[in-house]
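S.K.: In terms of our numbering, the sequence shown opens at residue 32 and continues consecutively. All C-beta atoms in this analysis are idealised placements derived from N, C-alpha and C, irrespective of residue type, glycine included.
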Amino acid sequence: MSREVFWQGGSARVVRILAVLVLLFPFLPVGAAEAADGAVEPLQARAALQSVRDAFAPVPDDHAFADDGHGHRAGRGITEALQRLFVARGALDGVERREADAYFLRPTEGSADPFGDGYTVPPSAVDSIETAHFKVHYVTDPSSPDAATAAYAVEVGRIFEEVWTREVTELRWVAPAPDGALGGDGRTDVYIAELSDSGAFGYAAADPDNSCQSAAVCNSFHGFMVVDNDYVGYPPTPAGALRATAAHEFNHLSHFTLAYTAEGWFYEASGVWMESQAYPAVDARTFYVADFADLPGLPLTDFARSTGGFDRAYGAYVWNLWLADRYGPDIVREAWIAAAGAGNFSLAGYDGALAAEDGGISSEFVAFAAATAEWNHNEFPADGPPYPDVARGGAVPSDGRYDVTLDHTAYELRDVAPQPTVTVTVEGPQGVGGGVALVALEAGTVRTVVDDTLADGAATATLTGVGNAERVTAVVVNSDFALSVPRSASSFDDPQYANDCITYAVGVNAEPVAPAGGGPCRPGTDPPPGPGPDPEPEPGGLTDGGRLDGGGRLDPVAQTVATSRALFADGTASRVVLATADRFPDALAGSALAGDRGPILLTSGLGPLDPRVEAEIARVTGGEGVVLVLGGRQAVSDEAAAAARAAGGDLGCAAPLPDSCRYAGAGREATAALIARTVWDENPAAPPIALVARGDQFADAISGGAFAAAAGVPVLLTPSNTANAHTVEFLAQHDVDETIVLGGRAAVDDATAAQFPGGQVSRVAGPERTATAVEIAARLWQRFGAGRGGVVLVNVRDPDGWQTALSAAVASARHDAPQLGVENPPALLGPETAGHLFDVVVGPVQAFGDLTLVSDAQLQEAVAERDAGFLRRS
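#1: With a 10 Å radius around its C-beta and 16 neighbouring C-beta atoms as the bar for buried, classify Thr634 as buried or exposed.
#2: Does DSSP put Ser174 in a helix, in a strand, or in coil?
#3: What is the rounded straight-line gap between the Cα of Glu111 and the Cα of Asp132?
#4: Please list, in chain order, all residues of the same chain as Gly188 whose beta carbon is under 6 Å from its beta carbon, the five residues on each side excluded.
#5: Of the residues Asp781, Ser843, Leu884 and Glu863, which one's Cα is nearest the Cα of Pro830?
#6: From which residue to which residue does the alpha helix (DSSP H) around Asp731 run?
#7: Using DSSP with H/G/I as helix, E/B as strand and the rest coil, what is Val779?
#8: Spatial neighbours of Leu579 within its chain, please: C-beta separation below 7 Å, excluding the five flanking residues on both sides.
#9: DSSP three-state call for Phe318: helix, strand or coil?
#10: Looking at Gly736: is its Cβ nearer than 7 Å to the Cβ of Ser622?
#11: Taking one C-beta from the region 859 to 874 and one from the region 806 to 826 each time, how about it: are there three or more such pairs within less than 8 Å?
#12: Exposed or buried, what is Ala426 when buried is set at 16 or more other beta-carbons lying within 10 Å of its beta-carbon?
#13: In the DSSP assignment, find the beta strand (DSSP E) that holds Val608 and state where it starts and stops.
#14: Is DSSP giving Ala411 helix, strand or coil here?
#15: Between the region 698 to 705 and the region 753 to 769, are three or more C-beta pairs nearer than 8 Å?
#16: Would you identify the three-state DSSP class for Phe879, choosing helix, strand or coil?
#17: Suppose you measure from the CA of Ala782 to the CA of Pro750; what does that come to, to the nearest Å?
#18: Using a beta-carbon distance below 7 Å, is Asp322 in contact with chain D?
#19: Which residues bound the beta strand (DSSP E) around Leu661?
#20: Nearest CA to the CA of Phe815: which residue from Gly743, Leu284, Arg364 and Arg828?
#21: Using only the alpha-carbon positions, how far apart do Ala836 and Glu799 sit?
#22: Quick check: the Cα distance between Leu485 and Leu437, rounded to an integer number of angstroms?
#23: Closest by CA to Leu202, which one among Ile720, Ala716 and Ser307?
#24: Between Gly674 and Glu645, is the Cβ-Cβ spacing less than 7 Å?
#25: Inspect the beta-carbon positions of Val658 and Leu609 and report whether they are closer than 7 Å.
#26: Using the three-state DSSP reduction, which class does Ser793 fall into: helix, strand or coil?
#27: With H, G and I counted as helix, E and B as strand and the rest as coil, what does DSSP make of Gln850?
#28: Please return the same chain residues whose Cβ sits closer than 6 Å to the Cβ of Ala235, not counting the five positions on each side in sequence.
#29: Between which two residues does the beta strand (DSSP E) carrying Ser251 extend?
#30: Compare the C-alpha of Asp322 against each of Ala78, Tyr418, Val823 and Ala600 and name the closest.
#31: Measuring CB to CB, does Ser393 end up less than 7 Å from Gly464?
#32: In angstroms, rounded to a whole number, what distance separates the CA positions of Pro209 and Trp350?
#33: May I ask you to verify whether the region 517 to 534 touches the region 490 to 499, counting CB pairs closer than 8 Å and requiring at least 3?
#34: Starting from Val822, follow the beta strand (DSSP E) in both directions and report where the run begins and ends.
#35: Rounded to the nearest angstrom, what separates Ala345 and Ala371 at their Cα positions?
#36: Here's the rule: buried if 16 or more other CB atoms are within 10 angstroms of the residue's CB, otherwise exposed. What is Thr770?
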């Protein structure tokens, strides 16, 4: 039978693999109030410092352009990271303050510069060339990695003079603020250094001894620029990379002068746009457009790495391209000037610049969103290769009615079946800017109709004569930019918007129906609560920074009982899954059988049921549940099984179990296949996937089992080098769209995976078991829009760690919290685990098991990584 996916959402990649730094400071919850008057909290300052450390972390490629998998520039975001640290450093003291200040030293400060691009040669080996507006500094010692020739320095100066002419003289951007005698005189300083180790093209930084010592004092800062010493290996060519970098970074110095604390996306969307204005034939930018096109549902202002907004912000230069084509290139400069008068708030800047042109940003963004629907065929300004199609949302239902939930400056496109007349009506809350558009493409001609009056509560667009169109697209836009908290130039945090997570009712040739409730807007956000009383909190939520230690590896039976008591109130479990604590094979697939319905309990020995387990079964089921036993009589005796069933109410089990309430096959793989049949049949709305893991080790099956428990999908087992017959039979007999192999080729080799029948076969694996757990969190939990409730931290290395991790899978299911694994103490977190916590996690982190399984240091490190990442994204 076919099954429909019940979770929807995009995937996220873990991109941060860094050396571990333990930051021990408390978790700041979402929505926590910030210090008054723009003051920066010490925790925020530490996060800003860590962001700069990360930005300059070396990349693996040796003197080559570092590719993140999408052709992106590595080392991006350095200017913005430095900007935030510059504003925040006043909240640091001691060693941290000295380190922060050192990041703003110029390369000529030598070993005091911690970037790794400080010159290490004596002053006599540093020379400079002067142009009308620039002083270019370079190292003459050929043995230095920073060495450059005088001819190259002259070329750098020539290129920057071209940039000055284009940006300052012709486009009338403000010249960089004068730096006095820094660098030798009042000219703008450019330093040539070896940057390819960090993957950076270049960066701009403010000077630490600026006459403006705080963003709360003034809004204009002077600084300097650093460029690479040869650009060998950088795209599109070394000469092109130098030109694009010069145009981009020099524009940032103008930004420093106009509105230093403006948002990161504003910096980058403007800087990339300026590349197109200064050197249109040098294409170091258009590959970013795919990131913009992939995520129309993200706000224009999003600059978070975890959502994809960081990459998308570079592609958002197409917004400036659109505006400049319609109103002339001055519009972008005017937006920066207007933003400086509006608390450095980017959208207010655009609104001010557009007010004299076309009524403001709200209506303009609706027109822009509509234009992107067919931007290769309409009036949208071209820039090099054809634009990628902007991602479409789901299909329009047969009755023509659907809901869409959008944040500010976000939109959705949906393909509509061509008909002679198409009308789209959208209803939403009054006072929230937005609109609707219909766009039809036929024989290379585009017809568009736009209604940008959605702030009135409804908007309608109609197209006639489009029955033969190649494509008709409905566009729904939230173009609102109102703030919930006023912003000032001294604000450290990004703007807080008043009208995010707005749910719109849409009707295509039908009247919209008011939505029952909103859906998630984007990864890491939740819709506002709908009408009615708040739901009762679930008993036993995860405790941030806490530990559930009921006995751990020393008493695994007590550990599973303690986990059950923490998760379920009296009489609230409809089932209990019972397995032996003595060995893991029969229990490996049991997580999905428990799901969030009841606990997994363990008993030990071949005799009677442990009385603690018997008492817990009676408590948690209230005598009205089903007890499901894993394994044969050599695992859980008939005596123990009978006592367990009696404690649970002695309710029977449905066919096709061969023995009442007992899953026991001829081996672990056969037992897993029996469990899989029940899991499949009980969860018809679950994703049509099956997980396969090796059966002779527990780590991959346990980590995947936590996801299986949450998603209601089966876990199957196989030897590493041959496809088990029971597993193959299950896959052949069920309508599995995708079989996902857990672990690397040493766990399940390619020849074995190739024998699995049915739909496509994919693999989720990391270089070792803790990294595989991260990949499961990133590629399975997040793929299906889940895993936002926090993290369950377990040991995946200790031979007895499986018992605690298995019972903790139910916590993962009940609290939407993936399991992440640790090695045996005193090991620190793996870099992939730390990176996932930093990049993605916002919820609580709780350890399961005693100190021999998860140490306090590991738990504290996990919380600190989560804190630092959250503060960086906030």
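M.R.: Reading it off the structure:
#1: Locating residue 634 in the sequence shown gives position 603, where the first residue counts as 1. Per the 10 Å Cβ criterion, buried.
#2: For the purposes of this step, residue 174 is taken as the residue at position 143 of the sequence shown. The DSSP-derived three-state label of Ser174 is coil.
#3: If you number the sequence shown from 1, residue 111 lands on position 80. If you number the sequence shown from 1, residue 132 lands on position 101. Answer to the nearest angstrom: the Cα atoms are 16 Å apart.
#4: What you label residue 188 is simply residue 157 of the sequence shown in a count that begins at 1. Taken in chain order, the residues that qualify are Ile160, Thr162, Phe165 and Val167.
#5: As a working note, residue 830 is residue 799 in the sequence shown. When only C-alpha atoms are compared, the closest one is Leu884.
#6: In the sequence shown, the residue the question calls residue 731 occupies position 700. That run of the alpha helix (DSSP H) goes Ala730 to Ala742.
#7: To locate residue 779, count along the sequence shown from 1; it is residue 748. Looking at Val779 - three-state DSSP - the assignment turns out to be coil, as it is neither helix nor strand.
#8: The residue given as residue 579 occupies position 548 in the sequence shown. Close CB contacts of Leu579 within its chain, under the 7 Å cut and outside five residues either way in sequence, are with Ala593, Thr594, Ala597, Gln877 and Phe879 (chain order).
#9: Position 287 of the sequence shown, counted from the start, is the residue given in the question as residue 318. It is helical.
#10: By one-based count along the sequence shown, residue 736 stands at place 705. By one-based count along the sequence shown, residue 622 stands at place 591. It is a contact, given that the beta carbons lie within the stated cut-off.
#11: By the Cβ criterion, the region 859 to 874 is in contact with the region 806 to 826, since at least three pairs of Cβ atoms, one from each stretch, lie closer than 8 Å.
#12: Looking up residue 426 in the sequence shown gives position 395. Classification for Ala426: exposed.
#13: Locating residue 608 in the sequence shown gives position 577, where the first residue counts as 1. Residue range Arg606 to Thr611 is occupied by the beta strand (DSSP E) that includes Val608.
#14: Position 380 of the sequence shown holds residue 411. As written in the sequence, residue 411 is Phe, which differs from the Ala given in the question. DSSP places Phe411 in the coil class of the three-state scheme, outside both helix and strand.
#15: The region 698 to 705 makes contact with the region 753 to 769: 3 or more CB pairs, one atom from each, lie closer than 8 Å.
#16: Along the sequence shown, read from residue 1 onward, the residue named residue 879 stands at position 848. Taken through DSSP and simplified to helix, strand or coil, Phe879 comes out as strand.
#17: In the sequence shown, counting from the first residue as 1, residue 782 sits at position 751. In the sequence shown, counting from the first residue as 1, residue 750 sits at position 719. Whole-angstrom Cα-Cα distance: 12 Å.
#18: Among the chains in the structure shown there is no chain D, since it carries only a single protein chain.
#19: Within the sequence shown, residue 661 is the residue found at index 630, counting from 1. Its beta strand (DSSP E) spans residues Val657 to Leu661.
#20: Taking the first residue of the sequence shown as position 1, residue 815 is located at position 784. Phe815 has its Cα closest to that of Gly743, out of Gly743, Leu284, Arg364 and Arg828.
#21: Along the sequence shown, one-based indexing puts residue 836 at 805. Along the sequence shown, one-based indexing puts residue 799 at 768. Rounded to the nearest angstrom, the two C-alpha atoms are 17 Å apart.
#22: Translated into the one-based positions of the sequence shown, residue 485 becomes position 454. Translated into the one-based positions of the sequence shown, residue 437 becomes position 406. Each residue's Cα considered, the two are about 13 Å apart.
#23: Translated into the one-based positions of the sequence shown, residue 202 becomes position 171. Looking only at Ile720, Ala716 and Ser307, the smallest Cα-Cα distance to Leu202 is reached by Ser307.
#24: Along the sequence shown, one-based indexing puts residue 674 at 643. Along the sequence shown, one-based indexing puts residue 645 at 614. In the sequence as presented, Gly is not what sits at residue 674; that position holds Ala. Cβ distance < 7 Å, so Ala674 and Glu645 count as in contact.
#25: Residue 658 sits at position 627 when you count from the first residue of the sequence shown. Residue 609 sits at position 578 when you count from the first residue of the sequence shown. Yes. Within cutoff.
#26: The residue you call residue 793 lines up with position 762 of the sequence shown. Strand at Ser793.
#27: Numbered from 1 along the sequence shown, position 819 holds the residue referred to as residue 850. In this structure, Gln850 counts as strand in the three-state DSSP scheme.
#28: Stepping through the sequence shown from its first residue, residue 235 is reached at position 204. Around Ala235: Thr110, Gly254, Met256, Glu280, His283 and Leu284.
#29: Numbered from 1 along the sequence shown, position 220 holds the residue referred to as residue 251. Unbroken run through Ser251: none, as it is neither H nor E.
#30: Stepping through the sequence shown from its first residue, residue 322 is reached at position 291. Distance from the Cα of Asp322 is smallest, within the candidate group Ala78, Tyr418, Val823 and Ala600, for Tyr418.
#31: Within the sequence shown, numbered from 1, the residue matching residue 393 stands at position 362. Within the sequence shown, numbered from 1, the residue matching residue 464 stands at position 433. In this structure, Gly464 lies closer than 7 Å to Ser393 by Cβ.
#32: Working through the sequence shown from its first residue, we reach residue 209 at position 178. Working through the sequence shown from its first residue, we reach residue 350 at position 319. Rounded to whole angstroms, the gap between the alpha carbons of Pro209 and Trp350 is 31 Å.
#33: At 8 Å Cβ cutoff, the stretches do not touch.
#34: Taking the first residue of the sequence shown as position 1, residue 822 is located at position 791. Unbroken beta strand (DSSP E) run through Val822: Val822 to Asn826.
#35: Mapped onto the sequence shown, residue 345 falls at position 314. Mapped onto the sequence shown, residue 371 falls at position 340. The question names Ala, but residue 345 is Tyr in the sequence shown. If you draw a straight line from the Cα of Tyr345 to the Cα of Ala371, it is about 21 Å long.
#36: By one-based count along the sequence shown, residue 770 stands at place 739. That one is buried.
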